[in-house]
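Working notes, beginning with the structure itself.
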Amino acid sequence: MAPIIKAARFPMVISLELDERYSRQVLFGSIGTEGQRKLGASGVVIVGCGATGSTLASLLARAGVGKIRIVDRDYVEASNLQRQTLFDEADALQSLPKAIAAARKIAAFNSQILVEPQVADLTPKNIDSLLSGAQLILDGTDNFESRYLINDFAVKNSLPWIYTAAVGSYGITMNILPGQTACLACVFPEVPQGRIETCDTAGILNSAVSAVASIAATEALKFLVGAESELRRTVLSIDVWQNQHAEISAKTPRPECRTCAQHEFPHLEGEGRPHITMCGRNSVQIHERHRPINLAEMGERLKPLGTVRQNEFVLKFWHNSYEMTVFPDGRAIIKGTTDPAVARSLYARYVGT
Ligand SMILES: [Zn+2]
């Protein structure tokens, strides 16, 4: 028989010495007590909480950034777990929205900061409300459309942001300080055309993400503690497999840049923005509908037609070879096709018009 353990010897509530939480970071001279206080008083927005977004959110939350808003449109899947370090198998089983899962995970390791999850697709219409109030914007997105949108907003409102991307074994990052350094459009004047490698086509190493997101998170800390002179003013790229490292200067804006110099913000004006976008391999996102959806009602309606699973954040519906994920804001991600016409007709039939 197992010995009985007296409760008195093992108190159920173990108090943590939370005052000690940041002690090792405070010891680091360039942060110190004053830097730590500044971090606690600061607020950032992370747009996109996949691989780079997870790493950024995790590092900044552990470092004590006082307020972190996490904007993400997607839900957790098994294929994310290899590199999206804030999520676990239970999140994938429940198809939890990444913003919600991230906020819960952060609350479990740092209950002393505020995390505001926003399950939303960043668009010209909602960008003001989603990015307002932040001192710094961090890019955790996976597409140029969103990045140009952030760049337009940041330059127009003189808000600094950090571009970060990773694919394969390669990562790239750049600090954009409007009015001082080059912006994204200075470096990449046009949206790259044709086939662009993505995680879904070229694969990705989790170490490439960690490396480049760690560099970006460090730059964020420098900015938030006021060490602006220490900020890197280059476009930095690394390849963790080939052991290559390159930097090109991004010290000053390009004189003919349409964004910095001519103050044109076409992405913010939503020119040519499609209602249907490709979203990873073999899936399409539809965001035509602006009316909120009652997921409980929809679940009841769809039950006779296929398999339905839902929680308060998301509804999943399987019909034939298609899988639809519907969010309360009316967005849907339809898996099983890359044909916008097929996706649109499934949306009209099962979600509504
Ligand atoms: Zn520019």
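Heads up: the sequence shown is residues 797 to 1149, going by my numbering. A virtual CB, placed ideally from N, CA and C, is assigned to each residue, including glycine.
Straight-line gap, residue i to residue j (C-alpha atoms, nearest Å)
i	j	result
residue 768	residue 1097	There is simply no residue 768 to check, as the chain begins at 797 and stops at 1149 in what is shown.
residue 874	residue 888	6 Å
residue 1030	residue 1004	19 Å
residue 1144	residue 1082	10 Å
residue 912	residue 843	12 Å
residue 836	residue 1134	44 Å
residue 991	residue 921	Its pLDDT being 45, under 50, residue 991 is placed unreliably in this model, and the coordinates cannot settle the point.
residue 1140	residue 1130	9 Å
residue 931	residue 977	17 Å
residue 1026	residue 1018	7 Å
residue 867	residue 851	14 Å
residue 1103	residue 900	27 Å
residue 1054	residue 959	18 Å
residue 1015	residue 877	26 Å
residue 884	residue 902	13 Å
residue 924	residue 857	24 Å
residue 965	residue 1045	22 Å
residue 1028	residue 1008	13 Å
residue 1100	residue 1126	21 Å
residue 1064	residue 1115	37 Å
residue 1080	residue 963	21 Å
residue 1136	residue 941	18 Å
residue 1142	residue 935	32 Å
residue 1147	residue 1132	16 Å
residue 1091	residue 817	40 Å
residue 907	residue 1109	22 Å
residue 801	residue 825	Residue placement at residue 801 cannot be trusted, given a pLDDT of 46 that sits under 50; what the coordinates show is reported in the next sentence. Those two C-alpha atoms are separated by around 45 Å.
residue 830	residue 871	38 Å
residue 828	residue 1087	48 Å
residue 1035	residue 1041	6 Å
residue 814	residue 832	14 Å
One or two residues paired with residue i in a DSSP bridge
i	result
residue 1033	968 and 1042
residue 1159	Nothing can be reported for residue 1159: it is not among the residues displayed for the chain, which extend from 797 to 1149.
residue 932	840
residue 983	None, per the DSSP bridge assignment.
residue 1000	964
Sub-8 Å separation of residue i and residue j beta-carbons
i	j	result
residue 891	residue 1112	yes
residue 945	residue 918	yes
residue 847	residue 880	yes
residue 861	residue 840	yes
residue 1022	residue 834	yes
residue 972	residue 957	yes
residue 855	residue 1010	yes
residue 1056	residue 1062	no
residue 981	residue 947	yes
residue 915	residue 1123	yes
residue 927	residue 905	no
residue 845	residue 898	yes
residue 909	residue 863	yes
(message) Threshold first: 3 residues or longer. Then list the beta strand (DSSP E) segments lying entirely within the segment 862-914, N to C.
(response) DSSP runs (the beta strand (DSSP E)) wholly in the segment 862-914: 863-868.
(request) Run through the segment 1104-1146 for me and flag every whole beta strand (DSSP E) of 3 or more residues, listed as ranges in chain order. (result) The qualifying runs are 1111-1115, 1118-1122 and 1128-1131.
(message) Quick check on the contact list: which residues have their beta carbon closer than 6 Å to a heavy atom of ligand 1?
(response) For ligand 1, the selected residues are 978, 979, 981, 982, 1049, 1050, 1053, 1055 and 1056.
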